[in-house]
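Chains as they are written, first to last, in the numbering used here: chain A, 348 to 785; chain B, 26 to 323. Glycine included, each C-beta is placed from N, C-alpha and C at the ideal position. As the structure is a computational prediction, the values presented were derived from the model and not from experiment.
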């Protein structure tokens with residue numbers, strides 16, 4: 348049997364470890380959340396917060412696809428999504444979002460994009476590849492156009508072979524010239540057409556036209572029956588790659604229309620970010636001051652727990668990562684007020700027990716154990732709200748629901764475990780006759 | 026004697042609440058709700074003229090090709106243009122008209138929202154579904170948690186009392202926003218629904234804390250008094266806590282209201298009203314209902 352003093356000692360050492368754990372953990376979290384603070388001394392990888400487009404500036408687009416003529420609707424939608432994703436990837440936007448919503452909607456989110464109008468144009472465009480042949484008076488028209496005449500006439504005529512006959516485009520290198528080219532593989536029907544076209548145009552030009560612009564004018568050397576063609580020309584490797592990708596991404600399988608647009612300018616985004624950060628700092632200070640004034644020593648402890656709470660939550664935002672929108676930051680600030688809710692419940696209960704004449708230790712114990720049911724129940728109801736909000740609303744509101752939900756869960760931990768351990772540590776026998784502190 | 030007077034306060038406040046909620050419903054019916062574009066469809070273009078806003082008349086003149094535009098100045102240099110759904114093409118035309126008519130005004134596009142009527146309707150339906158789901162979730166949760174009180178109260182009593190309090194907490198701010206919309210043009214947008222749903226979750230948690238205490242007091246048989254007195258004593262025991270958590274939450278909301286900027290201000294206002302009412306209604310709406318049902322059940 349150990350003596351009582353030994354138990355106290357063991358207890359003290361154990362709690363001390365926990366406290367050290369909390370302190371060291373908090374420091375690590377702080378460094379992770381705000382690496383700029385220590386970057387002079389050690390280099391800590393800076394995982395940035397992910398900001399939503401209402402803080403970065405950007406656009407949220409909703410497209411409606413017309414699926415009335417397609418048989419396999421989900422395939423058609425996948426096709427639309429793939430094509431648009433490939434187009435969007437060219438904008439150089441960090442982490443663009445292209446997402447099917449419901450059966451026939453497509454959501455495109457581009458954060459931090461500078462020219463929304465251009466992006467909308469590019470998303471909606473239909474790259475149109477066409478093979479054209481010469482007419483009897485092609486040369487005449489061409490000469491006249493050089494002198495500014497007959498500008499409305501097309502020197503070339505369509506062959507009926509176009510992008511829909513394309514199976515695949517790829518970048519290849521010419522073994523002799525080391526030039527990069529785009530090779531085209533045609534469908535069976537396309538190959539048949541191409542064979543006829545090359546046959547009747549032997550020794551003549553067959554122009555390859557993309558979006559109305561002649562991009563290559565090869566001269567037919569022989570009849571081509573295997574359905575393979577090559578686009579050559581004075582292209583840089585980057586241009587060849589872009590061309591192949593555009594051809595591959597091809598035309599949209601079904602027509603789409605833009606039905607909703609929400610665009611936020613970069614300056615408004617930056618302003619909102621600055622303002623919401625300010626609101627967050629003031630919110631934190633107000634809550635902290637109130638807790639310390641009203642609950643004195645336990646209040647100070649709850650503020651420490653609140654700081655730990657903020658560090659954990661910000662780390663979670665970085666790790667998941669949670670996309671922070673304006674509403675999301677509002678959810679975070681709101682959760683600051685709610686995070687101390689559990690502490691308020693516990694401390695209020697503690698005071699009651701103290702008033703009833705119990706010892707400090709017993710009161711603390713009672714406070715934590717009796718308040719637990721209320722703490723649990725009140726948190727669960729808020730979580731129900733956050734969950735429904737997350738599942739059934741638009742992306743702007745989702746951010747709010749997510750930060751609120753993460754906050755409520757985290758505060759359950761900080762307001763109980765962290766507060767309890769610190770209080771246990773300082774609430775030794777020495778404080779037994781200093782109950783005014785509580 | 027003191028307790029008797031307290032009961033009078035409950036009765037008075039209960040009827041005050043009923044009156045407030047009823048007038049909120051009347052206000053909504055008379056003035057209607059001013060819905061934002063995200064619900065009713067249409068477009069809003071928010072512009073900022075960094076070198077000073079041109080005269081509204083001059084702006085109207087330059088945009089005379091477009092019908093049904095409503096122009097409202099905002100702030101010192103801002104301008105809001107509201108219209109029916111504006112296609113991307115027309116949106117660009119409007120912008121270019123500004124650039125040619127007022128080349129040195131320092132025009133900056135702050136925000137452009139354009140929502141088709143279909144999406145607006147969907148959002149409306151989604152919001153209503155979400156609210157109903159939260160109500161259902163709460164009533165089920167409370168029914169499960171408080172089922173052991175079935176000897177004293179019908180099993181649905183606490184859930185239903187909480188729901189009545191919830192409706193009270195959401196109806197009154199909605200009425201207030203109908204007034205704000207009618208007199209100051211404040212619109213109800215998707216974030217208002219987020220506020221309403223959060224208030225639902227938060228307000229019920231307030232009620233739950235009081236009910237928890239009622240349950241504890243009954244199960245432990247600490248009071249030999251009648252049910253009404255038990256409820257009153259439970260309210261008094263939880264009062265400090267209710268006031269304090271409401272206060273800390275209100276503090277963060279006031280910070281958002283004051284410093285969070287224009288676009289989030291009314292969201293904070295809706296939450297401030299809802300959360301205040303949430304604490305109030307657990308005492309003066311949900312609890313009196315419980316006592317009343319207990320009397321009738323006997």
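Check                                                                                                                                   : Outcome
Through-space distance from residue 628 of chain A to residue 448 of chain A, alpha-carbon basis                                        : 36 angstroms
Collapsed DSSP secondary structure at residue 85 of chain B in the structure displayed                                                  : helix
Classification of residue 608 of chain A by the beta-carbon crowding that lies within 10 angstroms, buried from 16 upward               : buried
Contact residues within the stretch 278 to 295 of chain B, judged by C-beta distance below 8 angstroms to chain A                       : 278, 279, 280, 281, 283, 284, 285, 286, 288, 289, 292 and 293
Any chain B beta carbon closer than 7 angstroms to residue 438 of chain A                                                               : no
Cβ of residue 695 of chain A within 7 angstroms of any chain B Cβ                                                                       : yes
Option in B:74, B:158 and B:285 with minimal Cα separation from residue 728 of chain A                                                  : B:158
7 angstroms Cβ cutoff met for residue 295 of chain B and residue 282 of chain B                                                         : no
Of the listed residues B:262, B:286, B:210 and B:123, nearest to residue 56 of chain B (C-alpha basis)                                  : B:210
Pair within 7 angstroms by beta-carbon distance, residue 145 of chain B and residue 65 of chain B                                       : yes
Backbone CA spacing between residue 541 of chain A and residue 554 of chain A [nearest angstrom]                                        : 12 angstroms
Outcome for residue 485 of chain A when other beta-carbon atoms lying within 10 angstroms are tallied against a minimum of 16           : buried
Cα-Cα separation between residue 648 of chain A and residue 142 of chain B, rounded to whole angstroms                                  : 52 angstroms
Distance between residue 365 of chain A and residue 348 of chain A (C-alpha atoms, nearest Å)                                           : With a pLDDT of 48 at residue 348 of chain A, under the threshold of 50, the modelled position of that residue is not reliable, and no figure is offered here.
Beta carbon of residue 440 of chain A nearer than 7 angstroms to that of residue 457 of chain A                                         : yes
Inter-residue spacing [alpha-carbon to alpha-carbon] between residue 244 of chain B and residue 259 of chain B                          : 13 angstroms
Local conformation of residue 222 of chain B per DSSP, three classes                                                                    : helix
Among B:250, B:81, B:223 and B:50, the one whose alpha carbon lies nearest that of residue 197 of chain B                               : B:50
Residues, ordered as in the chain, of the stretch 151 to 181 of chain B that lie near chain A by beta-carbon distance below 7 angstroms : 151, 154, 155, 158, 159, 162, 163, 166 and 170
Inter-residue Cα distance where the pair is residue 622 of chain A and residue 136 of chain B                                           : 17 angstroms
Cβ of residue 324 of chain B within 7 angstroms of any chain A Cβ                                                                       : Residue numbering for chain B in the displayed model covers 26 to 323; residue 324 of chain B lies beyond these limits and cannot be assessed.
Positions along the stretch 124 to 139 of chain B whose CB lies within less than 7 angstroms of some CB in chain A                      : 133, 134, 135, 136, 137, 138 and 139
Euclidean distance between Cα positions of residue 636 of chain A and residue 435 of chain A                                            : 48 angstroms
Closer than 7 angstroms to chain B by CB, residue 410 of chain A                                                                        : no
Short-range partners of chain A found in the stretch 206 to 230 of chain B, where Cβ spacing is below 8 angstroms                       : 215, 216, 218, 219, 222, 223, 225, 226, 227, 229 and 230
Residues from the stretch 672 to 689 of chain A in contact with chain B, defined by Cβ distance under 7 angstroms                       : 673, 674, 677, 680, 681, 683, 684, 685, 687 and 688
Same chain, Cβ closer than 8 angstroms to residue 26 of chain B, five either side skipped, listed in chain order                        : Since pLDDT at residue 26 of chain B reaches only 43, below the 50 mark, its modelled position is unreliable, and no value is offered.
Closer than 7 angstroms to chain A by CB, residue 142 of chain B                                                                        : no
Segments assigned alpha helix (DSSP H), at least 4 residues, entirely inside the stretch 247 to 316 of chain B                          : 252 to 284 and 287 to 306
Given 8 angstroms, three or more beta-carbon pairs between the stretch 415 to 427 of chain A and the stretch 454 to 470 of chain A      : no
Interface residues of chain B facing residue 629 of chain A [CB-CB closer than 7 angstroms]                                             : 280 and 284
Alpha helix (DSSP H) runs wholly inside the stretch 578 to 640 of chain A, at least 4 long, in chain order                              : 584 to 596
Cβ-based neighbour list, residue 224 of chain B, same chain, cut-off 7 angstroms, excluding 5 preceding and 5 following                 : 194, 195, 296, 299, 300 and 303
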